[in-house]
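The structure under discussion appears below in the form of structure tokens.
Set out below in structure tokens:
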């Protein structure tokens with residue numbers, strides 16, 4: 024179970040910050056779906072050792088354009 | 039003597055090219071036959087959004103004219119190719135399968151289009167897709183669902199739905215799709231053709247509507263592995279407008295010349311953890327038979343472990359749809375009401391996921407990539423079914439089965455490895471099944487070589503759906 028309890032209100036607050044104006048009905052539809060995503064991520068974090076693991080992309084400073 | 043149109047329709051690129059070389063057929067005859075068939079079958083299959091009859095005929099005529107015909111530029115010269123309708127084409131409607139871009143006409147060609155044209159290809163039309171490539175079914179589009187040529191009541195798979203159906207139905211000789219979680223390989227599998235996703239970064243995505251910058255690939259969809267290689271060879275290479283192609287600065291092998299190389303002794307891996315998942319029994323039977331064929335060709339098969347492969351279904355959607363929200367900023371949420379239900383739900387959800395959660399998923403992806411790399415220390419290639427089920431019916435209510443279509447394909451987007459789907463049999467209901475072969479990054483030649491050998495040892499790729507005569 025996620026440490027985050029997703030509710031209609033929390034969805035509507037987050038959506039407003041993102042520039043989305045969701046109806047109550049739409050927010051209610053998204054509650055179980057978002058809860059599943061967050062529960063899955065919590066489970067993933069518990070099951071995987073991500074200590075000192077970097078993300079799967081690398082910043083390349085001042086990369087020169089690729090030549091054709 | 040000109041071949042009848044059905045014969046043109048199911049010719050391979052390699053065959054057509056040889057006949058053109060010998061001047062036994064012309065580009066005009068070929069394009070004309072495919073256009074006639076595409077126009078006739080499109081009301082039934084919904085494979086095309088735009089059929090470019092006038093420009094294709096004009097281009098074919100130019101190709102058949104004096105100088106162009108005397109000096110062939112290679113195997114693609116005069117060959118009609120169709121493009122998924124999220125690949126930018128100068129002056130041609132490019133909708134991404136969405137009402138959001140219903141009138142969108144780009145003012146430049148995508149790099150892959152420029153390269154195909156430079157190789158002499160003729161663009162035949164723009165194919166159906168799942169809206170903005172957001173899903174694997176090919177049913178969610180403002181143009182309605184694409185229909186499977188093997189049984190029109192069944193879906194094609196997606197998101198390169200029209201490309202898969204058109205090649206299978208003989209209304210395209212070859213096509214391009216895009217693949218972020220299997221969108222080339224899934225419709226290839228479900229429509230009974232070849233779909234290849236090369237190593238990440240080998241082919242430019244400039245001018246292709248992004249879904250996920252860290253996982254998007256453009257790939258060929260064809261009737262044979264050799265045809266896929268012909269398209270790949272024309273597209274591969276660095277592009278200053280797509281920095282992911284920095285990796286393509288390394289020497290590109292002659293993939294076609296390597297197709298008949300040695301495969302004896304290749305070590306093939308079955309991912310142990312995938313054994314926990316249930317497949318359709320027909321898929322399992324076809325896969326077991328395919329393994330016997332591969333063993334008969336001199337390959338060995340053993341189990342390998344990729345302990346984190348089960349996490350892919352958790353981190354992959356968060357990565358791809360978070361990146362999609364960023365890519366859609368010009369349109370979403372501004373034109374949110376124009377999106378279809380599937381696309382808008384994915385964008386809404388990804389909007390509510392926080393950046394820290396996106397980064398958590400990218401870190402999990404690193405661990406997964408390390409696990410795959412370890413497996414590739416033990417074996418040369420990994421083999422799986424391409425999809426766990428044959429094409430579901432379009433009207434099925436069991437949407438859960440849709441989500442599973444990409445179970446075997448998306449892990450190879452996450453690790454950037456080359457992977458191909460080749461036909462490997464049929465279900466009892468006569469629907470095609472696919473074998474997926476994946477290799478180490480940059481071992482595209484090995485993947486293609488084994489797929490070609492498997493294809494030569496079987497006849498699944500020669501079967502044709504009974505559609506259109």
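Protein chains in written order, with my numbering: chain D, 24 to 91; chain U, 39 to 507. Even glycine gets a Cβ: it sits at the ideal position worked out from N, Cα and C.
Beta-carbon proximity list for residue i, same chain, < 6 Å, skipping 5 on both sides
i, result
"residue 91 of chain U", "73"
"residue 388 of chain U", "359, 360, 363"
"residue 473 of chain U", "328, 460, 462"
"residue 483 of chain U", "291, 293, 296"
"residue 275 of chain U", "286"
"residue 376 of chain U", "137, 138"
Nearest to residue i (by Cα), restricted to the options the options
i, options, result
"residue 371 of chain U", "U/117, U/59, U/138", "U/138"
"residue 197 of chain U", "U/177, U/346, U/419, U/485", "U/177"
"residue 321 of chain U", "U/463, U/146, U/53", "U/463"
"residue 131 of chain U", "U/145, U/118, U/119", "U/145"
"residue 380 of chain U", "U/336, U/169, U/400", "U/169"
"residue 348 of chain U", "U/445, U/505, U/128, U/191", "U/445"
"residue 26 of chain D", "D/72, D/80, D/38, D/68", "D/68"
"residue 465 of chain U", "U/99, U/155, U/252, U/430", "U/430"
"residue 301 of chain U", "U/419, U/396, U/385, U/204", "U/419"
"residue 164 of chain U", "U/124, U/55, U/158, U/148", "U/124"
"residue 369 of chain U", "U/110, U/133, U/58", "U/133"
"residue 468 of chain U", "U/455, U/477, U/501", "U/501"
"residue 337 of chain U", "U/485, U/378, U/401, U/206", "U/485"
"residue 44 of chain U", "U/434, U/162, U/206", "U/206"
"residue 77 of chain D", "U/427, U/394, U/416, U/415", "U/394"
"residue 228 of chain U", "U/471, U/299, U/240", "U/471"
Residues bridged to residue i [DSSP beta-bridge criterion]
i, result
"residue 480 of chain U", "Residue 480 of chain U is not bridged to any residue."
"residue 165 of chain U", "U/86, U/122"
"residue 277 of chain U", "U/280"
"residue 339 of chain U", "U/306"
"residue 189 of chain U", "U/186"
"residue 371 of chain U", "Its beta-bridge partners do not exist; DSSP assigns none."
"residue 235 of chain U", "U/457"
"residue 213 of chain U", "U/120, U/259"
"residue 508 of chain U", "Residue 508 of chain U is absent from the structure shown; chain U starts at 39 and stops at 507."
"residue 246 of chain U", "U/125"
"residue 160 of chain U", "U/118"
"residue 241 of chain U", "U/274"
Residues near residue i in its chain [Cβ-Cβ closer than 8 Å; skip 5 each side]
i, result
"residue 95 of chain U", "66, 69, 70, 73"
"residue 52 of chain U", "113, 262, 264, 265, 268"
"residue 406 of chain U", "344, 346, 347, 349, 350, 353, 449, 452, 453"
"residue 70 of chain D", "none"
"residue 248 of chain U", "254, 361, 362, 365"
"residue 77 of chain U", "89, 91"
"residue 332 of chain U", "306, 339, 421, 488, 492"
"residue 45 of chain D", "34, 35, 38, 53"
Other residues of its chain near residue i: CB distance less than 7 Å, five sequence neighbours each side excluded
i, result
"residue 181 of chain U", "84, 87, 135, 166"
"residue 489 of chain U", "263, 458, 460, 475"
"residue 498 of chain U", "461, 462, 463"
"residue 448 of chain U", "219, 220, 350, 354"
"residue 391 of chain U", "356, 360"
Extent of the continuous beta strand (DSSP E) run through residue i
i, result
"residue 70 of chain D", "Taken as a continuous stretch (DSSP letters only), residue 70 of chain D belongs to no beta strand (DSSP E), being part of the alpha helix (DSSP H) at 47-70."
"residue 135 of chain U", "It is not in any beta strand (DSSP E) - residue 135 of chain U carries neither H nor E in the DSSP assignment."
"residue 260 of chain U", "255-260"
"residue 227 of chain U", "Looking at the DSSP string, residue 227 of chain U is not in any beta strand (DSSP E); the run it does join, the alpha helix (DSSP H), is 223-229."
"residue 458 of chain U", "457-464"
Delimiting residues of the alpha helix (DSSP H) encompassing residue i
i, result
"residue 120 of chain U", "Not the alpha helix (DSSP H): residue 120 of chain U falls in the beta strand (DSSP E), residues 118-122."
"residue 353 of chain U", "350-365"
"residue 425 of chain U", "Unbroken run through residue 425 of chain U: none, as it is neither H nor E."
"residue 150 of chain U", "149-156"
"residue 469 of chain U", "Per DSSP, residue 469 of chain U belongs to no alpha helix (DSSP H) and is neither H nor E."
"residue 32 of chain D", "31-40"
"residue 321 of chain U", "319-334"
"residue 291 of chain U", "Taken as a continuous stretch (DSSP letters only), residue 291 of chain U belongs to no alpha helix (DSSP H), as it is neither H nor E."
"residue 93 of chain U", "91-102"
"residue 202 of chain U", "199-207"
"residue 389 of chain U", "379-390"
"residue 417 of chain U", "Where residue 417 of chain U is concerned, there is no enclosing alpha helix (DSSP H), given that its DSSP letter is neither H nor E."
Requested in this report: Can you give me, in chain order, the residues of the segment 39-55 of chain D that have a beta carbon less than 7 Å from any beta carbon in chain U?
Outcome: 41, 42, 43, 53
Query raised in the report: Taking Cβ-Cβ distances below 9 Å as the criterion, which residues of the segment 54-81 of chain D are in contact with chain U?
Result: 56, 57, 60, 61, 63, 64, 66, 67, 68, 70, 71, 72, 73, 76, 77, 78, 79, 80
Report task. Please name the residues in the segment 381-404 of chain U whose beta-carbon is closer than 8 Å to at least one beta-carbon of chain D, in chain order. Result -> 383, 386, 387, 389, 390, 391, 395, 397, 398, 399, 400, 401, 402, 403, 404
Query raised in the report: the segment 344-355 of chain U: which residues have C-beta closer than 7 Å to a C-beta of chain D, in chain order?
Result: 346, 349, 352, 353
**Report entry** Contact set between the segment 466-500 of chain U and chain D, restricted to residues whose Cβ is under 8 Å from the partner
**Finding:** none
Report task. Identify each residue in the segment 244-270 of chain U for which the Cβ-Cβ distance to at least one residue of chain D is less than 8 Å, and report them in chain order. Result -> 252
**Report entry** chain D contacts from the segment 370-381 of chain U (Cβ-Cβ distance under 8 Å)
**Finding:** 371, 374
Query - Near-chain D residues of the segment 406-425 of chain U (beta-carbon distance less than 7 Å), N- to C-terminal order - result: 407
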